[in-house]
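Engineer: In my numbering, the protein residues as written are 692 to 1064.
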Amino acid sequence: MADDDYTRERVVEALPVFGASLTHFDVSVDAEMPLSFWTMARIFDAAGVMGRLRELTLATEGVFLNEQVATALAAACPGVTRLCISGCPLFGAGFGSGLAVDRGALPALADLDFRLVRGMFALWLEFGALVAHRRLTSLRVSASEGLAHPGLVDAILGCAAFPATLDIGGLPVPTADTLRLLRDGRAAVECVALELPPLTLSPTAVAALGPLPRLRRLRIEATSPPHPSRLRVRPWTGLPALVNLSLCLRGTRAAFTRSRLPALTWLLRSLAESPCRATLRALSVGGSFYVGAAGAAPFGVLASFPVLASLSVSVELQAAAEAGDALPVDPREGAAGAQAMPAIPRSCYTDVERELVALLPRVLVNLQWWHSC
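#1: Have a look at Val934 and Ser979 and give me their C-alpha separation to the nearest angstrom.
#2: In the DSSP assignment, find the unbroken beta strand (DSSP E) run with Ala834 in it and report its ends.
#3: Do Gly739 and Gly783 come within 8 Å of each other at the CB atom, strictly closer than that value?
#4: Can you tell me where the beta strand (DSSP E) with Ala884 in it begins and where it stops?
#5: With distances taken between CB atoms, is the gap from Leu999 to Arg972 smaller than 8 Å?
#6: Is it true that the stretch 822–836 meets the stretch 848–864, where meeting means three or more beta-carbon pairs spaced less than 8 Å apart?
#7: Measuring alpha carbon to alpha carbon, tell me which residue in Ala987, Leu790, Pro1052 and Glu912 is nearest Pro769.
#8: Do you know offhand how far Gly849's Cα is from Leu887's?
#9: Under 8 Å Cβ to Cβ from Pro707, same chain only, skipping five residues before and after it: list those, please.
#10: May I ask which residues mark the beginning and end of the alpha helix (DSSP H) holding Ala766?
#11: For Pro953, does the count of other Cβ atoms within 10 angstroms reach 16, so buried, or fall short, so exposed?
#12: Measure the C-alpha to C-alpha separation of Ala799 and Leu872 and round it to an integer number of angstroms.
#13: Just mark Pro863 as buried or exposed, buried being the case when its beta carbon has 16 or more other beta carbons within 10 Å.
#14: Classify Trp815 as buried or exposed, calling it buried when 16 or more other Cβ atoms lie within 10 Å of its own Cβ.
#15: Roughly how many whole angstroms lie between the Cα atoms of Gly991 and Glu912?
#16: Taking 8 Å as the cut-off, decide whether the C-beta atoms of Ile734 and Val754 are in contact.
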């Protein structure tokens, strides 16, 4: 909708008639004609109490969300269980506190979803007040721009319960803050699905992945994974109920080396030695690693997984590696590891996919590769 007199008045006239019967309400704002905070607040004021409303989506391009909007929203939507805010909103003072459960706002809210493009720093100033003391079953926060703020982890820890589903993947949260979150004892009791920010893989980080006995779905992105000889702990032993695992190995440009493959091989072998070997049904592996002569061999251990039904492998090919440039590797790999990576023909990955299908005849296999810039 646009902030012109005709549209505004038609919406304001219709809401008192239909508002009481709405169960879902989606406010989508034209990016070229954003609503003022006064108009947004007036929409909720005009609606009265939408007692049947359970899901509210605000696709707010350029809308200023402040305490006035929050107060009107809370009064109009007392029964909302799911709130999604997306786009490029501007967060003003009082928005979070205006929706605080301690003020009686949105007492039934269980599913909170922020899909933002920018404006993240301003959000953290209000985010803690919004989620404090709430029992959220699902919390998702994503952004394509903007710096993460330590207030994110503090806010999650301030919830009355650890969210059963927590998705903060892709946000530039420091590994130390992520580990602080994982050490919350409530996670072991309540968490069933977890998507983590990029994590520097270290013995401390690996050990922090458990025990999470109820966790069924995990997505983890490991940046600059070390050579496996440096890791003497097993990452999956504390995840006995894991059903779906998504694992991505990435690093800086200098870290796109042969050592990604030993790290991947070690992670797969440690999976085969863990309790979740008996429960894992879907495995997704992606990132920057060189297959080369190893072919599908690192994935051979998956043949012992009794219920594995799906394997997805996405390989990111670095242009420098394709050109044959030498890249630094772990010293333990010796002189052979320091040689330039050869060009990688398309047929190599076609052969690998064929080998995977032969190794895992009961598993649906999908192999993809692409070139990074």
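In this text, a Cβ means the ideal position worked out from N, Cα and C, and glycines have one as well.
Structural biologist: From the atom records:
#1: As the crow flies, the alpha-carbon of Val934 is around 24 Å from that of Ser979.
#2: Ala834 -> beta strand (DSSP E) spans Ser829 to Ala834.
#3: No.
#4: Per DSSP, Ala884 is one residue of the beta strand (DSSP E) stretching across Ala884 to Glu886.
#5: Going by C-beta atoms, Leu999 is nearer than 8 Å to Arg972.
#6: These segments touch.
#7: Distances from the alpha-carbon of Pro769 to those of Ala987, Leu790, Pro1052 and Glu912 put Leu790 closest.
#8: Computed Cα separation, rounded: 18 Å.
#9: Counting only Cβ-Cβ distances below 8 Å, and skipping sequence neighbours, we find Ala737, Ala738 and Gly739.
#10: Secondary structure note for Ala766: its alpha helix (DSSP H) is the uninterrupted segment Glu758 to Ala767.
#11: Counting of Cβ neighbours within 10 angstroms places Pro953 among the buried residues, the total reaching 16 or more.
#12: Across the structure, Ala799 and Leu872 are spaced so that their CA atoms are roughly 24 Å apart.
#13: Under a 10 Å Cβ-count criterion, Pro863 is classified as exposed, with fewer than 16 other Cβ atoms of the shown protein chains found around its own Cβ.
#14: Taking all protein chains shown into account, Trp815 has 16 or more neighbouring C-beta atoms within 10 Å of its C-beta and is therefore buried.
#15: Each residue's alpha carbon lies about 22 Å from the other.
#16: The answer is no: Cβ separation not under 8 Å.
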